[in-house]
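Structure first, commentary second.
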Ligand SMILES: N[C@@H](CCC(=O)N[C@@H](CS)C(=O)NCC(=O)O)C(=O)O
């Protein structure tokens, strides 16, 4: 079995890399020279025809062409890894955890990520998101909480996606005052302290 993760410096591929490092899942890191446009050329376009990273090749499963499964979109890749390699969806709560993970991955990529990117034009939307996240994060480090397979909170793909975007916040939006959101601040600090995060972000 081999997993190949395609990414580039300072790209969303780091989020997927963080998950793999955190879970101790073996993988090959293939760093594209995005400055030279390697992601917009073959052979990468045959993995992601949209020419964006991250992309994953997983030879433990067959894709529609009969070759190794190829995936793009960070949320889809995280969901696949959680299901196939992270053993996140086992036991009685498997179905609920799977659905809640999809929910949080879509929230991170389709709701919170855009709010962060549009923070300058729509500051009140980001403030609303942060206020709610601050409340939800107060119940512990796992967004799925007591729905964990073991009955205890355990870090997973949902946390990876949301916490990664939160950790981008001070970098992309230094103008945003986080002092009204102590749980958000604590979550960002805790993320930055994780060795797997530091390694994935190129700080380790
Ligand atoms: N929604 C996609 C976004 C992918 C994306 O925009 N990736 C950027 C890097 S963070 C990229 O590849 N940009 C290069 C380009 O558009 O040429 C995901 O979450 O995977």
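Residue numbers (our numbering): 13 to 216. Every residue gets a Cβ at the ideal spot worked out from N, C-alpha and C, and that includes glycine.
Considering only heavy atoms of ligand 1, does any lie closer than 7 Å to the CB of residue i?
i: residue 46; result: yes
i: residue 85; result: yes
i: residue 135; result: no
i: residue 63; result: yes
i: residue 166; result: no
i: residue 52; result: yes
i: residue 24; result: yes
i: residue 126; result: no
i: residue 66; result: yes
Mapping the DSSP letters down to three states, classify residue i as helix, strand or coil.
i: residue 64; result: coil
i: residue 19; result: strand
i: residue 198; result: helix
i: residue 59; result: coil
i: residue 41; result: strand
i: residue 185; result: coil
i: residue 105; result: coil
i: residue 97; result: coil
i: residue 116; result: helix
i: residue 148; result: helix
i: residue 206; result: coil
i: residue 157; result: helix
i: residue 191; result: coil
Keeping to the same chain, check which residues put their C-beta closer than 6 Å to that of residue i; ignore five residues upstream and five downstream.
i: residue 87; result: 117 and 121
i: residue 212; result: 26, 29, 30 and 33
i: residue 71; result: 14 and 80
i: residue 23; result: 65
i: residue 42; result: 16 and 18
Taking only heavy atoms of ligand 3 into account, decide whether any of them is closer than 7 Å to the Cβ of residue i.
i: residue 82; result: The model depicted lacks ligand 3 and carries ligand 1 instead.
Tell me the DSSP bridge mates of residue i?
i: residue 80; result: 74
i: residue 69; result: 16 and 82
Kindly list the residues whose CB is nearer than 8 Å to the CB of residue i, restricted to its own chain and excluding five residues on each side of it in sequence; keep chain order.
i: residue 44; result: 18, 19, 20, 50, 51, 56 and 65
i: residue 153; result: 165, 167, 171, 199 and 202
i: residue 95; result: 101 and 110
i: residue 123; result: 141
Anyone know if the C-beta pair for residue i and residue j falls short of 8 Å?
i: residue 73; j: residue 39; result: no
i: residue 128; j: residue 184; result: yes
i: residue 125; j: residue 177; result: yes
i: residue 37; j: residue 75; result: no
i: residue 179; j: residue 204; result: yes
i: residue 138; j: residue 188; result: yes
So, at 7 Å on beta carbons, what are the nonlocal neighbours of residue i in its own chain, with the 5 sequence-adjacent residues on each side left out?
i: residue 170; result: 112, 113, 116, 117, 155 and 156
i: residue 142; result: 193 and 196
i: residue 91; result: 113, 114, 117 and 169
i: residue 89; result: 28, 66, 68 and 83
Using a Cβ cut-off of 8 Å (strictly closer), state whether residue i contacts chain C.
i: residue 148; result: Looking for chain C here will not work: only one protein chain is present.
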